[in-house]
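Everything below concerns the one structure shown next.
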Amino acid sequence: MQEALLVLNKYWTEHGCLVVQPMNTEVGAGTLNPATFLRVQGPEPWRVAYVEPSVRPDDSRYGENPNRLQTHTQYQVILKPEPGNAQELFLGSLQALGIDTAAHDIRFVEDNWASPALGAWGLGWEVWLDGLEITQFTYFQQAGGITLDPVSVEITYGMERILMALQGVNHFKDLKYAPGVTYGEAFGQAEYEMSRYYLDEADLETQRSLFEAYAGEARRMLDARLPVPAYSFVLKCSHAFNVLDARGAISTTERARSFARMRGLAHEVAELWVARREELGFPLGRVSGDDVVPAPTAVAADETQNRTAATEPAAAEQSAVAEQDAAAPPAEPGPATLVVEIGVEEMPPAEVTRTAQAVRTALTEKLGATRLGHGEITVDASPRRVVATVLAVEPREADYEQTVRGPRVSAAFDAEGNPTKAAVGFARSNGAEPADLGRVTVGANEHVALTRQVVGRPAEEVLSALLAEVVTGLRSEKNMRWNAPRLSFTRPIRWIVALLGERVVPFTVSSLTSGRTTQVHRDAVPPTAEVATADGYLPFLKEHGILADAAERRRLVVDGAARLAEAVGGHIQTEQYGALIDEITNLVESPTPILGNFDPKYLTLPADILVTVMRKHQRYLPVVDAGGSMLPHFVAVANGACDHDVVRHGNEAVLRARYEDASFFWKADLETPLSEMRQKTRLLTFEERLGSMADRADRISAIALRLAQAVGLSGQDREVLERAAALTKFDLGSQMVTELSSLAGIMAREYAVRAGESQAVAQALYENELPRSAGDALPETLPGALLALADRLDLLVGLFAIGAEPTGSSDAFGLRRSALGVVNILLGRSDLAAIRLGQALAVAAEYQAVAVEQRHLEDAAQFVLRRFEQQLIELGHSTTDVRAVLVRGDSPRLAARTLEELESLQGDARFATVLAAFQRVRRIVPAGLEAVYDPEQLHEPAEQALHAALAKCRQVLEGETSLVRFAAETGELVDAVNIFFDNVLVMSEDPAVRANRLGLLAGVRDLAEGIVDWESLV
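Just add 217 to the spot in the sequence shown (first one is 1) and you have this note's numbering.
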């Protein structure tokens, strides 16, 4: 450890960093040190490196957990402004530490960082070394609630993890800290004693008093315009809060209030710091435009001494290509292939697919707006590049004739036929003389006009402007800024290749200029390659170990994993883990599946825990036997060539540590009463205005019991529901679910059974969380279905009441998923048929902590119906039919049955007659007219016949909900309606007669009301 810290100090000082000291008070991360939090503010350049002992009371484990320490060692680097090659600099530092980056699997995996207490956030990655997270790599976007300009890059090394991997030990205590001294020998006692203090001995009232005192002193220092001491007291506040939090002593209200207080103080500190630096004239200077850097360059720890021989052929190739560019021949007269590659630092997996689609759309639309002929457009993408290929691009746009209309002839010439000033001005503004003017007729008016031949632009000219727009227009769900003005995207764009045939299409965006140099794997020799031609570009990349085609990468993942699993007598459940395979596909550019193993003793843990750890934390594929039971194997997928044994060993060690964590949580939770876990949920914030998770659980319980009354639940099912409702959400207070939130419900079932609850109660607690996603399993028991329904109703009503409904693609609370859950639960169970959506939402409103207005309920109901509508349309049903049955959406099951009946009546001549008759009635009866009429005043035979048919139908169809039966039983009525319209003048001149006839028709209208939306069926 000691030597590693010295190596990093040396490396980063050689790259322009100051080395400063750790903060002299407890901080939870190196980010909180003033050398980061304060120095990233303002325009001054800043490069710094330092060791930071990071104190996190909640990670206290008495020194027993191999990976969790209340005080761990971070090494922090800040580069301001971000230099453009921070990733390459970081990889160079790993080489300096003795890590062979070619042998290991080093990955940048999406991780977006935020600190609510400091109003700070950024986008970046976890850096994995053979599956082990060793570094946090972040481009800061805000700190103290202030947008940062310039952007800094933060690199935070987890030193214990790095050294455990390098030294091959499985517990932090066994690390060699210095010659002859282990980490445990040096710091084991402190780790135990501070864990005791944080978890057992810290006096709560003292900590609360300290928090108040520190906050007060921070306030006093701000008033004195002293940001540095003010910030030191903000950090002391933060630590006092963390001690209270580790003891479970922070309530929901307290947490929200404390965060808001610390965030407000941090914001004031940041503003005051910048103001004071400005008063001092910004002693370190200002970042200027000259600091904007071009594409990254590789950095090796030993420079390139033993790579020279390997790079000489590549250098010769690059020189030849450069000479080719310098003496490039004129463009070929025939069509050519266009290739555009946008090189990016590792994109989040979801953005790889989304960006490929966005680029294809943009290219299609922009090329379509030109006259440049072209063939097929394809776009492929991998984590570090988006490659667009356009076939058969013509060398220039087609020529065309352009007619420009000028003023009217009457205004263009005077009475003698001489051109007026208007005509002369129009002609000269278009580079012509009045004598060149022709005439065109537009409508009833004759105008002067100029017709000219427009020569099409060369392809390079068209593409240069168009491609620049495509790059600058790139956007993602979460965008960031970096040291490239006018660009904003999911991660920094670092290079652009643009070739039309063998020629570069020249354009510039921000600090980037298109060319023919692409980047390949970072540990390749060299890490760049010159591209001679656009033709065959994907095979060219493949020769360099890059598979841009996602389908090919996915196939290699699936086939390779299946082959490895088969070798140990197992298989991969590819359909079940399809989403995970898609994510893995977009995490690598060259998939290399590797089989790993773990100790069979961990198979005593519930399989859901084992799989969740593999899937969520490590992106491993579990291996199962023919019966679906877990085997002690997994498949990891590395990126590119590596030493399989080294990478296998590393991933096995990571999984072992993860399973040790899970075992620790499992054992601790089994020793904790369910009631105690339930009580802990009072410390978990759901939403500030809606209270804690315990408050939410109480609401779910009350709503579920009310719904049980509506369906007449009784006997054993009633007892099961009452007990499950009293326990619902208790597992959110468990250590396991706190660590692995996706296990909510699953752990409730496991812990409930082991605590002596009945299997029925445990199952209901599990089903409370179903369905988790579209297509997921639905609750199988009635108590579970009622809990699940109540859960989602509470979520919808509460969040709509506080104005937190989804907007655009944002849906932080998963309301779209909850709405579909409500629909599908009601669809799937006939024993819930008595529950109506509107009534159920109203029940949920009664228990909310905030006022719920009628408009909130209406908005929530419409939101659910829109999701129901979308689901039905996506299943292939006609939009017209779906909208017609949504009039019955208050009962999704009834609406779905009506949709089936409506589809069965398609093409039925008799139903077409029924439909036409009721639509005709609805067209003539004014909206809102009541069905009031006097049968004694119906004198015409057709009137009387219609009245009789209506009365008969009312009796026969009373309470009927079937569309098929309605259509069958209204035959006589429909005939009477048609005869009525043929023989009776509805709109009689006599107002009384007219009103009576309209009232009769309103009765016919009302008979059909609510069966379908008749007006939609046009």
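Positions of the beta carbon are idealized from the N, C-alpha and C atoms, including for glycine.
In the DSSP annotation of this structure, the continuous segment of the alpha helix (DSSP H) that includes residue 802 starts and ends at 795–802.
Closest by C-alpha distance to residue 782, out of 738, 809, 840, 794, is 840. Of the residues assessed, residue 299 falls on the buried side of the cut-off, its CB having 16 or more other CB atoms within 10 angstroms. Under a 10 Å Cβ-count criterion, residue 230 is classified as exposed, with fewer than 16 other Cβ atoms of the shown protein chains found around its own Cβ. The Cβ atoms of residue 722 and residue 733 do not sit closer than 7 Å to each other. In the three-state reduction of the DSSP assignment, residue 946 falls in the coil class. In this structure residue 829 is buried. Its beta-carbon is surrounded by 16 or more other beta-carbon atoms within 10 angstroms. A direct Cα-to-Cα measurement between residue 957 and residue 237 gives close to 37 Å. With a cut-off of 8 Å on Cβ pairs, the stretch 638–658 is not in contact with the stretch 707–720, counting fewer than three such pairs. Rounded to the nearest whole angstrom, the CA to CA distance from residue 918 to residue 908 is 15 Å.
Inter-segment contact for the stretch 418–432 and the stretch 453–467 is present: three or more beta-carbon pairs are separated by less than 8 Å. Note on residue 562: 16 or more other CB atoms within 10 angstroms of its CB, so buried under the neighbour-count rule.
Taking the C-beta atoms as reference points, residue 950 is found no nearer than 7 Å to residue 902. Using a Cβ distance threshold of 7 Å, residue 313 and residue 445 do not count as a contacting pair. Along the stretch 580–607, the beta strand (DSSP E) occurs as fully enclosed runs of 3 or more residues at 594–599, listed in sequence order. In the three-state scheme derived from DSSP, where H, G and I count as helix and E and B as strand, residue 284 is classed as coil.
Assignment of residue 630 by DSSP, reduced to helix, strand and coil, places it in the strand class. Straight-line measurement puts the Cα of residue 285 at about 39 Å from the Cα of residue 504.
Leaving aside the five residues that flank residue 1111 on each side, the residues in its chain whose CB is nearer than 7 Å to its CB run, in chain order, 1105, 1178. The shortest C-alpha to C-alpha distance from residue 1055 to any of 1045, 1069, 1075 is the one to 1075. Residue 1046 is positioned such that its CB atom lies no closer than 7 Å to that of residue 1139. By the neighbour-count definition (other C-beta atoms within 10 Å, threshold 16), residue 1043 is a buried residue. A Cβ-Cβ distance of about 10 Å is found for the pair residue 945 and residue 911, leaving them out of contact under the 8 Å criterion. Annotated three-state conformation of residue 699 is coil, per DSSP. Residue state for residue 896 is assigned as helix, using DSSP reduced to three classes. Remark: three or more beta-carbon pairs, one from each stretch, lie closer than 8 Å, so the stretch 334–343 and the stretch 688–707 are flagged as touching. Nearest C-alpha to residue 1224 among 1212, 1168, 1204, 1193: 1168. Under the 8 Å Cβ criterion, the stretch 791–804 does not count as touching the stretch 921–941, having fewer than three qualifying pairs. Of the residues 623, 785, 737, the one whose Cα lies closest to the Cα of residue 765 is 737. If you compare the alpha carbons of 966, 363, 1099, 1145 with that of residue 488, the shortest gap goes to 363. The count of Cβ pairs closer than 8 Å, one atom from the stretch 316–334 and one from the stretch 352–369, reaches three, so the stretches are in contact. Counted as a single uninterrupted DSSP element, the beta strand (DSSP E) harbouring residue 736 occupies residues 734–736. In the pairwise beta carbon analysis, the stretch 1005–1014 is classified as touching the stretch 1056–1073: at least three pairs are separated by under 8 Å. Cβ contact annotation for residue 809 (same chain, cutoff 6 Å, sequence separation greater than five): 855, in chain order. By the neighbour-count criterion, in which a residue is buried when 16 or more other Cβ atoms sit within 10 angstroms of its Cβ, residue 968 is buried. Exclusion of the five residues before and after residue 575 leaves 691, 692 as the residues of its chain whose Cβ lies within less than 8 Å of its Cβ.
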